[in-house]
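So the structure is just underneath, and the comments pick up after that.
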Amino acid sequence: MMTESGRRLGVVSHRSGRRDLVLYDPDDPDGCSADIPLTDDEAGALADILGASLILGQLSGLREQAAGLLTEQIAVPASSTYVNRPLGDAKVRTRTGASIVAILRAGEVIVSPSPTFRLAAGDVLVIVGNRQGLDGASAIFAADDPAG
């Protein structure tokens, strides 16, 4: 990949299964100025970081393009009536007009979760909507949601 600043970097996957994060030499496009071996866990963590960053960056860009469109992260408390239930049971879009676009769980990003996705205490919901919709979504996952 070529960065906007003109630097080349990449992830090399070897047939052996080893992965390296590499930074190419700016004076020699075939030369490597830095090579960082990655374990499977480190490669996964890097992918998660880049994935979450990309999603949140895209949402931020959308916020700038659409007046009144906001993003918010809402944690699901252990006391929520929706813990261990499918996401669809909350009917967030129907009830508030806001949309859950991703769920962050234990360092993993679940993009566009399905209505059958089961929520867990501590999940962080990435929600897009207007202020009223986000406030409504937050209330849904609170412990005392009357519709839950």
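Residue numbers (full-length UniProt numbering): 1 to 148.
The beta carbon of each residue, even a glycine, is placed where N, CA and C say it ideally should be.
Just to confirm, are residue i and residue j a CB contact at a threshold of 7 Å?
i: F117; j: L70; result: no
i: A121; j: A78; result: yes
i: A34; j: T96; result: no
i: I110; j: I100; result: no
i: R19; j: V11; result: yes
i: L134; j: A98; result: yes
Name the DSSP beta bridge partners of residue i, please?
i: P86; result: R118
i: D41; result: D41 pairs with nothing; no bridge assigned.
i: I127; result: E72 and I100
Terminal residues of the continuous beta strand (DSSP E) containing residue i?
i: S99; result: S99 to R105
i: R19; result: R19 to D25
i: V11; result: L9 to S13
i: T71; result: L70 to A75
i: E108; result: E108 to V111
Residue range of the alpha helix (DSSP H) that residue i falls in?
i: G134; result: For clarity, residue 134 is Leu in the given sequence; the question names Gly instead. It spans R131 to F141 - the alpha helix (DSSP H) in which L134 sits, taken as one unbroken run.
Please return the same chain residues whose Cβ sits closer than 7 Å to the Cβ of residue i, not counting the five positions on each side in sequence.
i: V83; result: V76, L119, A120 and A121
i: G31; result: Y24 and D25
Tell me which residues share the same chain as residue i and place their Cβ nearer than 6 Å to its Cβ, disregarding the 5 neighbours each side in the sequence.
i: L23; result: L9, S33 and A34
i: G44; result: none
Short of 8 Å in beta carbon distance, which residues of its chain neighbour residue i, apart from the five on each side in sequence? Order them along the chain.
i: E108; result: D48
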